[in-house]
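Numbering (the working numbering), first residue to last: 270 to 620. No residue lacks a Cβ here, since even glycine has one placed at the ideal position from N, Cα and C. Computed from a predicted structure; not experimentally measured. As structure tokens, the structure follows; a few thoughts come after it.
Structure follows, in structure tokens:
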């Protein structure tokens with residue numbers, strides 16, 4: 270079968286190769302790959318910035334944003350041939366740490382977790398793949414063209430879950446949310462905010478293109494003039510920062526009112542220095558009882574919630590987030606020359 274493989278830590282090694290078909294082990298599903306989402310993490314892996322191959326191997330299959338259809342399933346697994354599924358990315362560490370032992374492997378304390386397509390486990394970038402039944406998520410069949418969004422959606426399901434938990438430290442009835450960045454993560458964050466009935470505001474630097482309409486179709490207010498103008502209009506109780514742009518991160522931290530919550534989902538590039546009034550930021554956080562937290566990855570509960578949220582969203586709107594689909598034979602188009610905020614999906618079924 271065909272698969273996208275690379276040598277972790279070595280730039281320019283991503284290639285479409287022929288490898289052996291997988292042999293499902295006990296308790297595993299055999300899945301036909303339908304689509305693979307490509308994000309900034311995949312581009313960094315392909316550029317050799319990090320990555321860890323499986324034990325004893327020099328190369329690994331890339332890809333963590335999956336979508337597939339079950340070919341075979343163990344009896345009693347809860348799955349059947351034809352089911353639409355997504356594979357969970359992370360696996361708990363073998364020790365396990367306290368968080369992993371409680372199913373919260375997204376918050377692993379010792380760093381010995383493994384991840385499909387990233388760390389020590391082959392990913393989903395192949396025509397066939399296997400996954401343990403307990404780490405597969407069944408999707409509504411109607412999501413066959415947008416189900417590849419489940420993994421990024423799970424990250425936002427976790428973000429909102431953490432916002433709820435933090436807010437519960439005292440009385441908290443948020444009215445408005447400001448999302449910075451209208452890429453796939455930002456738009457999915459805005460989608461959940463709209464599903465919750467909040468006054469949603471989205472800030473992005475693009476005045477034209479599909480983003481303003483995508484935000485408007487959620488009932489959100491789109492801002493492009495300046496972050497200050499967006500903050501003034503939104504007076505947000507919650508800010509979800511989805512760009513990773515260093516200057517904007519600190520603007521986001523200072524954007525909420527009293528008892529505000531800022532969730533950082535964007536990963537910044539290291540090495541860039543910005544001028545910050547650290548004392549002023551600290552003073553505001555303390556005196557307003559604000560909280561700033563970062564979030565990454567997701568556990569099984571978040572995947573299940575994300576599946577419900579996708580199923581409840583407008584399919585046409587979700588389709589418009591996926592701005593480009595490329596055949597497997599042209600995989601390089603998905604990794605080169607595209608801005609980070611464009612959602613590119615590789616079709617694994619042919620081409």
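C-beta contact flag for residue i and residue j at 8 Å
i, j, result
"residue 521", "residue 536", "no"
"residue 390", "residue 355", "no"
"residue 248", "residue 281", "Outside the displayed range of the chain (270 to 620) lies residue 248, so it cannot be described from this structure."
"residue 455", "residue 471", "yes"
"residue 511", "residue 531", "no"
"residue 353", "residue 445", "no"
"residue 617", "residue 298", "no"
"residue 436", "residue 473", "no"
"residue 381", "residue 362", "yes"
"residue 358", "residue 274", "no"
"residue 579", "residue 587", "yes"
"residue 397", "residue 313", "no"
"residue 264", "residue 323", "This structure cannot settle anything about residue 264, because the visible part of the chain is limited to 270 through 620."
"residue 519", "residue 550", "yes"
"residue 615", "residue 406", "no"
"residue 443", "residue 506", "yes"
"residue 315", "residue 283", "yes"
8 Å contact criterion, which residue i and residue j should meet: CB distance rounded
i, j, result
"residue 395", "residue 271", "7 Å"
"residue 603", "residue 595", "5 Å"
"residue 504", "residue 526", "6 Å"
7 Å CB neighbourhood of residue i in its chain, flanking five on each side removed
i, result
"residue 497", "none"
"residue 327", "276"
"residue 378", "366, 367, 368"
"residue 364", "379, 381"
"residue 349", "339, 342"
"residue 523", "550, 553"
"residue 383", "360, 389, 390"
Where the alpha helix (DSSP H) containing residue i begins and where it ends
i, result
"residue 572", "569 to 580"
"residue 601", "601 to 604"
"residue 482", "480 to 485"
"residue 530", "Here residue 530 belongs to no alpha helix (DSSP H); instead the beta strand (DSSP E) covers 530 to 533."
"residue 331", "Neither: residue 331 is in no alpha helix (DSSP H) and is coded neither H nor E."
"residue 423", "419 to 436"
"residue 312", "309 to 315"
"residue 516", "515 to 522"
Delimiting residues of the beta strand (DSSP E) encompassing residue i
i, result
"residue 490", "490 to 492"
"residue 398", "397 to 401"
"residue 284", "284 to 287"
"residue 508", "507 to 510"
"residue 594", "591 to 596"
"residue 405", "405 to 407"
"residue 345", "Note, residue 345: premise wrong, no beta strand (DSSP E); not H, not E."
"residue 564", "Neither: residue 564 is in no beta strand (DSSP E) and is coded neither H nor E."
"residue 446", "445 to 449"
"residue 275", "271 to 275"
"residue 367", "Careful: residue 367 lies outside any beta strand (DSSP E), inside the alpha helix (DSSP H) at 367 to 370."
"residue 536", "From DSSP, residue 536 is part of no beta strand (DSSP E); its letter is neither H nor E."
"residue 356", "353 to 356"
Spatial neighbours of residue i in its chain, beta-carbon cut-off 6 Å, leaving aside the 5 residues before and after
i, result
"residue 612", "453, 590, 591, 592"
"residue 476", "493"
"residue 567", "375, 423, 424, 427"
"residue 392", "330, 331, 332, 333, 385, 386"
"residue 243", "An answer regarding residue 243 cannot be provided, because it is not within the stretch 270 to 620 covered by the chain."
"residue 317", "278, 279, 280"
"residue 517", "449"
"residue 642", "Residue 642 is absent from the structure shown; the chain starts at 270 and stops at 620."
"residue 480", "451, 473"
"residue 500", "524"
"residue 288", "272"
Proximal residues to residue i (C-beta, below 8 Å), its chain only, five neighbours per side dropped
i, result
"residue 296", "343, 346, 401, 402, 403"
"residue 373", "568"
"residue 431", "532, 562, 564"
"residue 547", "none"
Chain C contact for residue i (CB, 8 Å cutoff)
i, result
"residue 504", "Considering every chain present, this structure includes no chain C. It has just one protein chain."
Check whether the segment 414 to 430 touches the segment 567 to 580, taking contact to mean three or more Cβ pairs, one atom from each stretch, closer than 8 Å. yes
Touching or not, the segment 476 to 484 and the segment 553 to 565, by the rule of three or more beta carbon pairs under 8 Å? no
Count the C-beta pairs between the segment 426 to 441 and the segment 336 to 349 that are closer than 8 Å, then say yes if the count reaches three, no if not. no
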